[in-house]
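Just add 11 to the spot in the sequence shown (first one is 1) and you have the working numbering. Everything below concerns the one structure shown next.
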Amino acid sequence: GKEFLASTKYVWQENFFKNCYIKVVKMIKDEEKLTSDYKA
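Below is the structure:
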């Protein structure tokens with residue numbers, strides 16, 4: 012019923028934010044790698 016939908020929505024949001032966070036962190040790490048490669 013409704014509780015199930017609410018919990019799946021919550022889990023989906025959790026995963027969505029986690030994925031976004033991981034992507035951003037990865038992007039920042041890649042950027043840092045690029046800049047350090049550039050400076051070297």
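No residue lacks a Cβ here, since even glycine has one placed at the ideal position from N, Cα and C.
May I have the straight-line CA-CA distance separating residue i from residue j, to the nearest angstrom?
i: Phe28; j: Tyr49; result: 31 Å
i: Thr19; j: Cys31; result: 18 Å
i: Leu16; j: Ser47; result: 46 Å
i: Glu43; j: Val36; result: 11 Å
i: Lys34; j: Gln24; result: 15 Å
i: Leu45; j: Glu14; result: 46 Å
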